[in-house]
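In the working numbering, the protein residues as written are -9 to 241.
These notes are about the structure you will find just below.
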């Protein structure tokens, strides 16, 4: 496992629980490598040159910024090994010219070290440089989840974009709502039932049919009143206007 961040931690735990033997955990810092390695009975390493050359699979769970520059050092002396990355927005061919066998192993979920996840419910999207590699990655993913799909690098770019819209942007709106309520001595946890029901509804209804609220009703009076309340917050006012306009366009 190359990496010891949020995704690397959850992937390592999931593989370990399924009986996979994790030989090494690489991280730039000894503390991070050691902490995760101890959890999964692996050896910690902090230098790419220390990576063994006989592992059946090398998973690079690194940031999009860090991975490209590290690939030459990671694969040096291990060009015949099977290398995959876990990024939604990076192409598979990032490995081309550095490894003979390569692919992508992309679990689409938001990961935080402090919160456990059930991998059996997480979709994993795989891509391999050839049919044999793709089949192997499907089999590995199937050990963790029944939700295994193949996706090209181009498809995965849009998948990642959709995930950012649905997850990261939504969470930012939670943060804005929390700040607003806190300023007015109101508890954010009062919104939890509403948040949970909104998320649950799209399991049963298309998102456009699940939409409610003043913009969906075309209730200009309420929207104007909300903007009046936000008059001292230009950023939140603009977010409100932009999203309300988008909802109106989809009515």
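C-beta atoms are modelled at their ideal positions from N, C-alpha and C, and glycine is treated no differently.
For clarity, every value in this text was computed on a predicted model and none was experimentally measured.
| said: With a threshold of 6 angstroms on Cβ separation, who are the neighbours of residue 89 within its own chain once the five nearest residues in sequence on each side are excluded? | reply: 65, 69, 73
ask   = What's the gap between the Cα of residue 230 and the Cα of residue 136?
value = 39 angstroms
> According to DSSP, is residue 12 helix, strand or coil?
Replying inline: coil
Note to self: My output table needs one value for residue 97: the three-state DSSP class, helix, strand or coil.
What the structure shows: strand
Bounding residues of the alpha helix (DSSP H) (the contiguous stretch that carries residue 112):
Premise fails: residue 112 is in no alpha helix (DSSP H) and is neither H nor E.
Residue 171 beta carbon less than 8 angstroms from that of residue 177: yes
Beta-bridge pairing of residue 261 - partner residues as DSSP gives them: Since the first residue shown for the chain is -9 and the last is 241, residue 261 is missing from the structure and cannot be characterised.
request  = Measuring alpha carbon to alpha carbon, tell me which of 13, 25, 51, 108 ends up nearest residue 44.
outcome  = 13
Margin query: Using C-beta distances below 8 angstroms, list every residue in its chain close to residue 23, excluding the 5 sequence neighbours before and after it, in chain order.
Written below: -6, 15, 16, 17, 34, 35, 36
By a C-beta neighbour count over all protein chains shown, 10 Å radius and 16 as the cutoff for buried, is residue 210 buried or exposed? exposed
* How many angstroms separate the CA atom of residue -3 from the CA atom of residue 218? -> 42 angstroms
- Query: In chain order, what residues of the same chain lie with their CB nearer than 8 angstroms to the CB of residue 32, ignoring the 5 residues before and after it?
  - Reply: -9, 2, 12, 13, 14, 15, 26
- Item | Selection from 120, 110, 96 that minimises the alpha carbon distance to residue 86 | 120
Closer than 7 angstroms: residue 68 CB and nearest the ligand NAP heavy atom: Ligands are entirely absent from the displayed structure, and the ligand NAP is therefore not among its contents.
Rank 224, 216, 223, 29 by C-alpha distance to the C-alpha of residue 234 and give the top, closest one. 216
With 16 other CB atoms within 10 Å as the buried threshold, where does residue 118 fall? buried
(message) I need the DSSP call for residue 218, collapsed to helix, strand or coil.
(response) helix
Which value, in whole angstroms, describes the spacing of the CA atoms of residue 208 and residue 228? 18 angstroms
Practice prompt. Would you grab the beta carbon distance between residue 81 and residue 60 for me? Rounded to a whole angstrom, and I think it's under 8 angstroms.
Written response: Not really, about 16 angstroms apart at Cβ, beyond 8 angstroms.
Can you list the alpha helix (DSSP H) stretches of 4 or more residues lying completely in the region 109 to 185, in chain order?
121 to 132, 143 to 153, 160 to 173
Give the DSSP-derived three-state secondary structure of residue 63 in the structure shown. helix
**OP:** Take residue 150 as the anchor and find which of 134, 83, 113 has the nearest alpha-carbon.
**Re:** 113
- Query: Helix or strand or just coil, what does DSSP make of residue 235?
  - Reply: helix
- Got a sec? Which residues, its chain only, sit under 7 angstroms from residue 54 by beta carbon, not counting five neighbours each side? 77, 79, 80
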